[in-house]
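J.:
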Amino acid sequence: MNEIEIKQKLDRLAEFQAQRDAVMLEKQALLDEIYTAEIKARVAEIEAEFSAKTEGVAANIAALEAEIKQAVVAHGASVKGSFVHAVFAKGRVSWDTKALDGYAFAHAELLSFRNIGEPSVSLRVAK
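Take 16 as the starting number for the sequence shown in this note's numbering and just add one per residue.
Next up, the structure:
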């Protein structure tokens with residue numbers, strides 16, 4: 016598949032995403048029609064009430080998560096609780112690829128230790 020065909024597929028993808036967004040907007044418009052001012056006001060009250068309740072819990076969760084992560088790093092191994100598993104991962108090793116490629120040019124035996132992974136693709140909004 017060439018670049019032009021890929022661009023056409025990307026444009027088709029954008030059209031499908033726009034269709035999805037239009038359907039969601041239409042749905043919301045219909046829902047807004049049936050919500051009376053009284054219902055909207057009550058929903059806003061409920062949202063405000065529960066927002067205050069969840070903020071405190073969210074802060075407690077964030078603080079305890081940070082404490083657990085720090086403890087697991089110090090412990091140096093994964094720890095499994097009854098409901099949550101803190102998975103330890105060693106720090107990633109990285110190398111200066113440009114410098115090593117230059118060095119390997121003069122020392123070809125290094126290339127036998129080189130592995131190249133599979134390429135990947137992520138889709139993002141074009142700017």
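For each residue, glycine too, the CB sits at the ideal point set by N, CA and C.
Candidates F128, S97, K105 and V102: which alpha carbon is nearest T112's?
T.: On the sequence shown, position 97 is the one that residue 112 refers to. Nearest option by C-alpha distance: F128.
J.: By Cβ distance, which residues of its chain are closer than 8 Å to S93, with the 5 residues on each side in sequence left out?
T.: Against the sequence shown, residue 93 aligns to sequence position 78. Correct list, in chain order: V87, H100, A101, V102 and F103.
J.: Can you give me the C-alpha to C-alpha distance between T51 and A63, rounded to a whole angstrom?
T.: Taking the sequence shown and counting its residues from 1, the one referred to as residue 51 is at position 36. Taking the sequence shown and counting its residues from 1, the one referred to as residue 63 is at position 48. Between T51 and A63, the C-alpha separation is close to 18 Å.
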